[in-house]
Each structure stands twice: as structure tokens, then as C-alpha cells.
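Novice: Residue numbers (our numbering), protein chains in the order written: chain A, 86 to 295; chain B, 86 to 295.
Here's a structure for you.
Number of protein chains: 2
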Amino acid sequence: MEAARKLERTAGSRAMKPQQIRQAALRLFQEQGYGAVSMDAIAREAGVSKATIYAHFADKAELFEDMMKSACREEWVAVSMLDAVPGDLGAELRAIGKAYAEFLVEPRVVRLYRMVVAESPRFPELGRAFFEAGPRLITGKLAAYLQRAEAQGKLALGGASNRAAQNFLAMLRCEPHLRAILALDKSPEMPEIAAIVDSATDMFLRAYRP
Amino acid sequence: MEAARKLERTAGSRAMKPQQIRQAALRLFQEQGYGAVSMDAIAREAGVSKATIYAHFADKAELFEDMMKSACREEWVAVSMLDAVPGDLGAELRAIGKAYAEFLVEPRVVRLYRMVVAESPRFPELGRAFFEAGPRLITGKLAAYLQRAEAQGKLALGGASNRAAQNFLAMLRCEPHLRAILALDKSPEMPEIAAIVDSATDMFLRAYRP
DNA sequence: GTCTATAAATGGATAGAC
DNA sequence: GTCTATCCATTTATAGAC
């Protein structure tokens with residue numbers, strides 16, 4: 086009964102504190118990097134006391150890992166929706182490719198990628214979570230799609246649908262993506278990306294047309 | 086004359102201190118990330134006092150940036166040597182591709198890439214230096230090579246040699262590269278890389294064969 | 001659970017002797 | 001140029017009141 090009373094009494098603002106802390110931590114870690122952010126700064130940014138953070142997270146490392154895994158799951162949801170839209174094979178590949186290539190230069194995605202890459206050696210589960218939630222999922226989906234297209238006689242992949250999918254997706258991790266990762270431009274050049282996707286799709290189809 | 090005497094007297098170990106410091110800093114920054122490394126730790130690792138570091142570098146940021154630019158130049162030298170080896174077009178592309186794809190999973194290169202990606206937003210010159218010394222240089226070289234091949238009637242690129250080069254190189258930044266970046270494997274799987282390079286080369290040639 | 005206050009150690013950077 | 005010793009702000013994490 087004590088537990089029940091507690092739950093009632095605290096359903097309001099208390100339950101939101103962990104989320105506030107995660108969001109504040111995400112902002113600061115993105116701006117300054119894991120090692121450069123202090124728990125004091127996170128407490129200030131979240132509008133809570135430091136002791137409150139330690140009431141919800143064991144230490145800085147656990148807060149970081151917990152927050153990052155949530156962020157990975159949330160970010161990749163958008164692109165995991167990539168399903169075949171109606172149209173001919175070329176149009177479908179172009180649409181999937183454009184969505185993915187543009188996703189890969191979104192500032193939120195780029196910032197997340199930077200943190201994952203930077204801290205993967207110290208947080209092994211993080212690199213794994215990112216890979217499974219994103220690249221692995223989307224590669225599998227595209228490979229299945231290409232396999233269906235081959236079964237319908239629209240492509241000649243020699244059964245290597247997974248490798249073909251990897252080749253296609255790799256071409257979408259293109260120079261604009263790299264330039265975004267390296268913070269070389271103020272904002273990504275979307276027309277250039279569209280042209281690259283067209284080029285990659287054309288090349289893919291020329292190579293794998295029956 | 087005082088200057089001359091000083092130079093004589095200090096030609097031995099003193100001139101090497103900056104290099105010792107750079108090397109120690111590289112090791113620690115790679116292991117722990119920029120924000121997590123202290124100047125005390127660098128001094129210990131280099132076997133010098135903290136004051137000696139500050140005698141050669143204005144502060145932590147300048148030490149990091151100076152060291153990183155040196156590291157970028159040194160690392161990319163290996164792959165910038167990539168010149169056409171004798172053989173037919175397919176064999177040459179395969180050789181270039183294999184060298185580049187294997188370079189991209191070397192632990193030293195992966196560690197450097199992680200740091201550049203992590204700190205590019207805070208050190209804009211770093212992302213620029215990395216890009217110019219590596220991807221930009223190699224893309225230009227390959228584009229020129231492909232253009233010569235097209236002039237000889239061995240390829241049909243429609244004049245878009247640069248885009249073709251980018252497509253080919255993007256396929257070499259493949260899943261093993263991504264897995265290495267994310268620290269998913271203990272050691273890179275070279276046979277898998279060779280198979281991917283073969284696949285990418287075949288696809289490239291099927292698409293662009295006259 | 002949440003706060004204020006503080007402990008105990010470490011951070012970047014410098015002074016002054018040699 | 002190089003060292004030892006040190007300044008003072010900041011660090012992670014906790015104690016104790018509510």
C-alpha cells in the first residue's frame with residue numbers, strides 16, 4: 086500500500102525527470118563530446134540537482150549509454166519505415182535511395198553518428214545497438230526487396246541480393262554524407278544528393294539488368 | 086652567437102621533446118577521447134613535465150590540432166601512392182580498390198578517423214585537413230585515371246568521371262569499414278573485403294563497359 | 001525523490017629556480 | 001628549455017535535511 090501511495094503521489098513531474106535528464110545530456114554530449122561534459126553542466130541544463138541525476142543513473146557512463154541507446158532507437162525509426170513504394174523498379178530504388186541519402190545528412194543523425202563513432206571503443210554495446218537498429222536492418226530489408234525483384238525476373242543478381250544491397254547502400258553513404266560528418270558545410274546540398282542517387286540507381290540497374 | 090651556442094647545446098634531446106609529446110598525446114587521445122585526456126596524463130606518458138608541454142604548445146587545443154594535422158598527413162601518405170599498376174582495366178581497378186578498402190580498416194586509420202569525426206565540429210580545420218589529404222585527393226586521382234580510360238575507349242562514362250569515381254570509392258567504404266569504425270569486430274575480415282572489392286569492380290565494369 | 005552543501009580528487013595553466 | 005611546486009577552478013560523487 087505504501088508503494089501504491091508513492092506511485093499516486095509521484096505520477097506528475099517526478100516521472101519525467103529521467104527523460105529531462107536524458108534530453109539535456111544528449112544536447113550537451115552532442116555539443117562537447119562525452120569526456121568534456123560534466124555532471125554539473127547536465128544538472129544545470131536539465132534544471133535538476135546533481136543528486137537527482139545520481140538517483141536515476143548510477144554514474145556518468147551509465148547515463149551516457151542509456152541515453153545513447155534510446156537516441157539510436159528513436160533516430161533510426163524514421164528510415165526503418167523505408168518500404169517499397171509503388172512504381173517501377175527504377176523509381177522505387179530512386180525513392181528508397183533518396184530517402185536514405187537525405188536521412189544520412191540530417192544534422193540530428195550526423196551528430197548522433199559522431200558520438201557513436203567517438204565512443205564505440207569505450208562503450209561496445211553502443212556500436213552494436215547503432216549497427217543493429219540502422220545499417221543492419223535496412224540492408225536486410227533492401228536485400229529482401231531485391232530478391233523479390235530477382236524472382237520476378239526484373240533483376241539478375243546471381244542470387245547475391247545481400248551483396249547487391251550493400252553495394253547500393255554504400256553508394257548512398259556518399260561525399261555529401263562524409264562532408265556532413267566532417268562538418269565541412271553549413272548545410273547539406275540536397276540537389277547534389279539527388280543527382281548522386283540518380284547516378285547510383287542508373288549504375289545499379291545497368292549492372293544488374295537481366 | 087648566443088643563439089648558435091644554444092642550438093649546439095640543445096640539438097640532442099631537446100629537439101625531440103615536441104615529437105615525444107605529440108606521440109604521447111596521440112596515444113592517449115585515441116584511447117580516451119579529447120575531452121577525457123588531461124595534460125598531466127600526457128606529460129606522464131611523454132616522460133616530460135607539464136611545463137615542458139606548455140613551452141611548446143599554447144594549450145591543450147593547440148596541441149591536439151597540431152598533432153592531429155600531422156597524423157592526418159602521415160596516415161594518408163600510404164594510400165595517396167595509389168597509382169595505376171600495369172594490367173587490364175579490371176585488374177587495375179581491383180588492385181586500387183583492394184588497397185583502399187584494406188587501408189580503411191587498418192586500426193591506426195580507424196582510430197584516426199574516430200577522433201577526426203568526433204572533434205570536427207570543435208576543430209573545423211581538422212575535418213578540412215582530413216578531407217583534403219585523403220578522400221579528396223584519392224577521388225581526384227581515380228577520376229583522372231577513369232577519364233584516361235574513357236579517352237582510350239575502355240569505358241563509357243558520359244564524361245562524368247568524377248561521379249563514377251565517387252560511386253566506386255563509396256562502395257569500398259563498405260560494411261567491414263563501418264563495422265571497424267563501430268568497433269564490432271576484434272579484427273577485420275580481409276577475405277570478405279576482397280570479395281566485396283571483386284563485386285564492386287564487376288558491377289562498375291558491367292555498368293560502364295562501352 | 002529532490003534539494004543544498006560539501007568532500008576529496010583532478011582539471012588546465014603558471015611561477016620561479018636552474 | 002626543462003623542471004618542481006603550486007594556484008584556483010572544476011570534477012565526480014555523496015551526506016544529510018526535507
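Ideal placement from N, C-alpha and C gives every residue a C-beta, glycine not left out.
Hey, is B/I266's beta-carbon within less than 7 Å of any beta-carbon in chain A?
Specialist: Cβ-Cβ to chain A under 7 Å: yes for B/I266.
Novice: Between the alpha carbons of B/A81 and B/L231, how many angstroms are there, rounded?
Specialist: Any answer about residue 81 of chain B is impossible in this case: the structure gives chain B only from 86 up to 295.
Novice: Could you spell out the range, first to last residue, of the alpha helix (DSSP H) harbouring B/F142?
Specialist: That residue, B/F142, is in no alpha helix (DSSP H); it is neither H nor E in DSSP.
Novice: So, B/P273 versus B/P261, is the Cβ gap smaller than 7 Å?
Specialist: Cβ atoms of B/P273 and B/P261: closer than 7 Å.
Novice: Any beta carbon of chain A sitting closer than 7 Å to that of B/L197?
Specialist: No, because no Cβ of chain A sits closer than 7 Å to the Cβ of B/L197.
Novice: Taking 7 Å as the threshold (C-beta atoms), are B/S205 and A/A268 in contact?
Specialist: Yes, Cβ-Cβ distance for A/A268 and B/S205 is below 7 Å.
Novice: Once you ignore the five residues that flank A/R248 on each side, which residues in its own chain have a CB closer than 7 Å to its CB?
Specialist: Result list for A/R248: empty, nothing under 7 Å.
Novice: Can you tell me where the alpha helix (DSSP H) with B/Y198 in it begins and where it stops?
Specialist: It spans 192–204 - the alpha helix (DSSP H) in which B/Y198 sits, taken as one unbroken run.
Novice: Thinking A/I331 and A/A184 are a contact (beta carbons under 8 Å), I'd like their distance in whole angstroms, please.
Specialist: With chain A covering only 86 through 295, there is no way to say anything about residue 331 of chain A.
Novice: Out of A/R193, A/K239, A/R264, A/K271, state which residue places its alpha-carbon closest to the alpha-carbon of A/F289.
Specialist: Nearest option by C-alpha distance: A/K239.
Novice: What is the rounded straight-line gap between the Cα of A/L92 and the Cα of A/M101?
Specialist: For A/L92, the predicted model reports a pLDDT of 38, less than 50, meaning its position is unreliable and no value from the coordinates is stated.
Novice: Rounding to the nearest angstrom, what Cα-Cα distance links B/A245 and B/A180 in this structure?
Specialist: Whole-angstrom Cα-Cα distance: 22 Å.
Novice: Who are the neighbours of B/C298 on chain A, taking C-beta pairs under 8 Å?
Specialist: No information on residue 298 of chain B is available, as it lies outside the stretch 86 to 295 that chain B covers here.
Novice: Shorter than 7 Å from the beta carbon of A/G182 to some beta carbon of chain B?
Specialist: A/G182 does not count as touching chain B.
Novice: Look at the Cβ atom of B/I127, then the Cβ atom of B/A109, and state whether they are nearer than 7 Å.
Specialist: Yes. Within cutoff.
Novice: Report the rounded CA-to-CA distance for B/A143 versus B/G175, giving the unit in angstroms.
Specialist: Cα-Cα distance, rounded: 51 Å.
Novice: Can you name the start and end residues of the alpha helix (DSSP H) that B/F216 belongs to?
Specialist: Segment 209–216, the alpha helix (DSSP H) holding B/F216.
Novice: Answer with yes or no whether the minimum CB distance from A/P206 to chain B is below 7 Å.
Specialist: It does: the Cβ of A/P206 has a partner Cβ on chain B nearer than 7 Å.
Novice: Cα-Cα, which of B/F253, B/E160, B/A136, B/R264 is closest to B/L178?
Specialist: Of the listed residues, the one whose Cα sits closest to B/L178 is B/F253.
Novice: Report yes or no: is there a C-beta of chain A within less than 7 Å of the C-beta of B/S165?
Specialist: No, no contact with chain A.
Novice: How many whole angstroms separate the CB atoms of A/Q117 and B/G120, which I take to be in contact at a CB cut-off of 8 Å?
Specialist: Right, the Cβ-Cβ distance comes to about 7 Å (below 8 Å), so this counts as a contact.
Novice: Listing by chain order, which chain A residues have their CB less than 7 Å from the CB of B/G256?
Specialist: One point to set straight first is that residue 256 of chain B is Met, not Gly, in the sequence displayed. Per Cβ cutoff of 7 Å: N252, A255, M256.
Novice: Hey, how far is the Cα of A/A250 from the Cα of B/I281?
Specialist: Whole-angstrom Cα-Cα distance: 12 Å.
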